Every structure is written in structure tokens, then in C-alpha cells.
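Below: one structure, written as C-alpha cells.
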Amino acid sequence: MRLELRLISVFVIASLIASLARTHSLNTNREKRQAVVDVPHVKYLRKYGYLRDHYYTSDIDPNADELTEAIKIFQNYLDITITGSMNSATQAVMNKPRCGCNDVFAIWMNQTTQDRVKRFASYTPVNFNARSGWRRTDLTWQLLGSTRSSRIPSTVVRSEIRRAFALWAAETPLTFREVTRSADIEIDFNTGSHGDGSPFDGPSGVLAHAFFPELGTTHFDDQEQWTTNSTTGRGIDPFIVAAHEFGHALGLDHSNVRNALMFPTYLGYIPDFKLNNDDIRGIRSIYGGPPTPRTTAAPTIPTTRPTTRPTARPTQPTRPTTVRPRPTVPPTLPFQCRRTFGAAFEDDNGDLMMVRGFFLYRIPAYDRQTGRFTGSQASNTFPRIMAFPDAMFQVPGSTFVIRRRRVQQYTRSEDSLLGPRELVADTWRGLTGLRRGARITAAAALTQNRVLLFGRYRRQGYLWEYDLFNNDVIESSMTLMSEAFPGIPPIVDMAFSTVPSEIIFVAGPEYYRFNIETYEVEGPFAVAPAFVGGPCGNADL
């Protein structure tokens, strides 16, 4: 009997000890998880979409893979050297005044960390990021009377709001007018918690936030030091902030182009501010361009091509575009009209960059019809660049050069060009996702994170997707050109994208336009008039 009692006592004591140990372990893990959640940079990453909303339920510590990958993606997006760990440069960017809207697509949050990293090219933010817009173009706005800023007079606020709307109106068919009730876009100045679930945090943190169409409500933090036209660097310029937030109210997400208005962090006061080409492309992808003619008008497709040698009095071409003879360039035309190129891409300014052998030619976006383009040694712009590249493409902050299986990356930091960083130097083992014997001939960056490579394999034309996160070809993406781009020659010499929905393919002396949304093909057209202009013809690109 005594033995049984002793055994029961031992069992009870052991159970109590085990229970206390489990309780202690649970409390320790809970405290550990809470400590992770309370770390400022973890809060920041979760708030702006780099970590899942339910991150705090994960039993992980600050060095876990999910946090590391979130930091990497944040660093990549904000143009910081990618290390995967918190450092002074990363913390400095997190400390900057910024917009309160998320940086990352909501759809991205439904992916696991592994899938997010694997599908980096599909779900991370792109150079411009467009949602759906308003269903009409005549929009109204209202400055709510009870919450006008206590920092600056309402007359000044109204003036800055009108200027901000005017930026977007100049590049679209949109019009904006002030009303006293039932406005499309209601504008508030608030402090702290103000009823929308996104409280403001006081000076120098979140400056403002806005809601997407068709809500459009825009809130500003009235605790900021709002100051107009300040050249001292003190205070926050309401014009720049309003213009950014109205971009959201019109349907644009954040951009990772550093000089774009839709970049997440505050740009500061900029005299005579103009929209970046990235902002313009983004807003026009939703609403189209302004109805009035402009020098940067949408591409005009030539309906006919000359088929005879020009004379002193050129004859009108009579052959319609439905007939597709291969165009010929008369040898008496100027030298630049007979020039061929090996690679081309459009840079962040909209200028067309074309490479031939050792030389780089720049055709400004505003000057394509005059034939005025500059040429120089490619190495002057891209030190140690591989000669005779097969393909080039640019994403914000980086230019990639491909020759055979070698890949070079040039990165831009502020105003200096860094590089090249040899991504794949082994001629035979490089680009492991590319089959032996395949050759890349062209590349096109559709967005900041979606790049297509074009080439040949066993005498047939193929395309591949390029994984910017792993710097390699995605082998499973290999697709016949005839299936992916019907109507385009199977093997192309150059490719690039000037608008989000279109790729321009160059094959020999011809080029084609392919609409990736409708699968419509236009062309072929002669390259020289469109690319060089001037004495070669007047066709627009």
C-alpha cells in the first residue's frame, strides 16, 4: 500500500513538474514571439506588406528565413544594397517620412514565404503598379470644412490641391473640379486615430494615405509641419504629398523608381516639379493620354511603305500594309539608315538605347523623328561591357547585358553607375536554366520584375522568362515563339517594350508590334524610318 502511495506521489509530482515546464516554455515562446513583433523594423515590414499580417502567430525568431527574405525584398524595392539583415542604410530608409499605403500587392500576402521568393517576378511591386481606375473622367473633390489644416490657410491648401490635380490632368483625359458636397475625392486633415483603421503617428512618420477608386478619400496628418515652397529642407511640402496621394486615389500603387512621384518615401520640395516618365506611363495605362495633340503622341503606324528608290520628287507609295514584302533600304540613303543593331532597350527616361558592336547609340524620346542621335563607345557608359552583346534590358536601377551564357549587371546608385557585377561568367555552365546549344538573341523587360528572353534552339525560336531574384533562366518557361507570339518571326534580333501592353520585335530590317493583351500584331514596318527618323522617313516609333 505504501509503495503504491509513493508511486502515485512520484507520478503527481512529475506531472506537476512537466506541466510547469510546458507553461514556462509556452510563456517563453509567447514572450519571444511578442519580442519579435515589437521590434520596430518587424512592425514596419508587416505594416507595408513585406511580412504576412499573421506573422506574429509564427514560432520564429528575428533571424528566421521569413524575416530575412522580407528584408531582402524591402531592400530590393527601396534600392538599398541587398544583405537580408538590418543595417544603418536600411534603418535610415525606414525612418524617412513616407506614404501610409502598402508597398506590396495584397495578392502577394496569400503566398507562403517560399512561394513569395520563388514567384518574386510575379508578385513583388513593379516599376509602376496600376489598379483599376474611375469609370468616368470628370471627377470632383471636396476639402472638408471641419478638418482643414491648422498649419496653413485653407486658401493655400486649395491652391496646392489644384496644382497637384493639374499634374495628373495634363497627362490624361481627366478633369477635376471642386464641389461642396458628394465629391468623388474627399480630402481631410486628421490626427491620430480618425476612424479608418489607419491612425496617424505624429510628425515625420506617415504623412498621408489615400483609398483607391472608386472611393478616393485622402487623409493628411495635420501634425506634420506643412510648409509650402521651402528651400531649407524643413517642413513637408503639401503639393508633393497631395500629388502622390492623388495618384493612389486615381488607381496607382507605389513604384520603386527612385525619382518617380509614386515612390513610397517623401521626395522633398522640388521646384518646377514634373511627373517622371514612370508616373506618366502608369497613369496612361489606366486612362490613356490627354485628348489634345502633344509632341509625345501615341505611336502612329504607317499605313504604306515606299517600295521604290527615292528620287528628287518622291512618289506616293501605293502598296498597302496587308502586303508584306521584305523592305529594302536603297544604298544611296544616308549611312545611319542602313545601320543594324544587336541589342536595344528603353531607359527610365524613355530614350531608346541601341548597341552595335562596341558602340552605344542614344535616340532621345523627344527627338526620334529628326535623326539626331548620339553615338559613343559603349564602354564609356558601361565600363568593361562585353562587346557585341546578344541582348540587353533595363529594370529600374539596373541594366543587364547578355552574351551567349554570360550575364553582366550594372546597378545605379544615386548619380553613379556601379558595375559590372558578373552574374554569370562561366560560358558553358552559366544560365543553367538554358539548354546546351540554345542562344539568346533578344530580351524585353515588361515590368520591373517580368523579363522575357528570346532566342533559338535547334533552329527554332523560343522564349524564356528570366528570374531576376536568382539571376537565371526559368527552365520550365521555355515556350515556342509560334505559340506565345503568333504572327511574329520565330527568331528575332531585338525586342523591347515602350508601353506596358506592347512588345516591339525587330527581325532584320523589319519590326512588328505585338499587343500582349489582345494578341494583335501590326507590321511588318521598315526599321530605319521608325528608329532613326530624319532623312530615313517620318514614321513614329
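Everything in the sequence shown is counted per the UniProt record's numbering, starting at 1 for the first residue and increasing by one.
Think of the CB as a built atom: it goes at the ideal place given N, C-alpha and C, for glycine as much as any other residue.
Because the structure is a prediction, the values reported are computed rather than measured.
- Beta bridge pairing from DSSP links Ser376 with Leu360.
- Glu245 sits in a helix when the DSSP states are folded into three classes.
- For Ile240 and Glu214, the gap between their C-alpha atoms comes out near 22 angstroms.
- The closest CA to that of Val451, considering only Arg436, Thr399, Leu207, is found on Thr399.
- Under DSSP, Asp221 shares a beta bridge with Asn190.
- By the CB criterion at 8 angstroms, Ala89 and Ile82 fall outside the cutoff.
- Taking Ala169 as reference, the option from Met262, Tyr287, Phe454, Tyr77 with the minimal CA-CA separation is Tyr287.
- Per DSSP, Thr227 lies in no beta strand (DSSP E) and is assigned neither H nor E.
- Apart from sequence neighbours up to five positions away, the residues of its chain that approach Asn76 with a beta-carbon distance below 6 angstroms are Ile82, ordered along the chain.
- DSSP places Glu517 outside any alpha helix (DSSP H), giving it a letter other than H or E.
- The alpha-carbon of Asp253 is positioned some 7 angstroms away from that of Asp103.
- Counting along the chain, Val401 sits inside the beta strand (DSSP E) bounded by residues 398-403.
- A direct Cα-Cα distance of roughly 8 angstroms separates Arg456 from Leu463.
- Contact between Leu207 and Glu224 holds: their C-beta atoms lie close to 6 angstroms from each other, under 8 angstroms.
- Ile488 carries a coil assignment under DSSP once its states are collapsed to helix, strand and coil.
- By the neighbour-count criterion, in which a residue is buried when 16 or more other Cβ atoms sit within 10 angstroms of its Cβ, Leu446 is buried.
- Burial is judged here by how many other beta carbons sit within 10 angstroms of a residue's own beta carbon; Arg181 has fewer than 16 and is exposed.
- Bounds of the beta strand (DSSP E) holding Trp464 are 460-467.
- For the pair Leu144 and Asp188, the CB atoms are nearer than the 8 angstroms cut-off.
- In the three-state DSSP reduction, Tyr511 falls in the strand class (E or B).
- For Ile283, the secondary structure class from DSSP, reduced to helix, strand or coil, is helix.
- In the DSSP assignment, Glu346 forms a beta bridge with Leu352.
- Pro524 carries a strand assignment under DSSP once its states are collapsed to helix, strand and coil.
- Non-local beta-carbon contacts of Met354 in its own chain, meaning distances under 6 angstroms to residues more than five positions away in sequence, involve Phe341, Ala344, Tyr361 in chain order.
- Put simply, the backbone Cα of Ala391 is about 18 angstroms away from that of Glu475.
- With a beta-carbon spacing of about 16 angstroms, Pro490 and Tyr519 fall beyond the 8 angstroms limit used to define contacts.
- DSSP lists Gln460 as the beta-bridge partner residues of Tyr457.
- Gly433 is a Cβ neighbour of Val473, given a cutoff of 8 angstroms.
- Secondary structure of Val451 (DSSP, three-state): strand.
- Per DSSP, the beta-bridge partners of His209 are His219.
- Per DSSP, Tyr48 has no beta-bridge partner at all.
- The Cβ-Cβ distance between Phe388 and Arg403 falls below 8 angstroms.
- Assignment of Phe74 by DSSP, reduced to helix, strand and coil, places it in the helix class.
- Assigned with DSSP and collapsed to three states, Glu214 falls in coil, not helix or strand.
- The beta carbon of Val492 sits closer than 7 angstroms to the beta carbons of Thr441, Ala442, Phe454, Phe505, Val506, Ala507 from its chain, once the five residues preceding and following it are set aside; these are given in chain order.
- Here Thr191 is actually not in contact with Asp237; their C-beta atoms are around 19 angstroms apart, not less than 8 angstroms.
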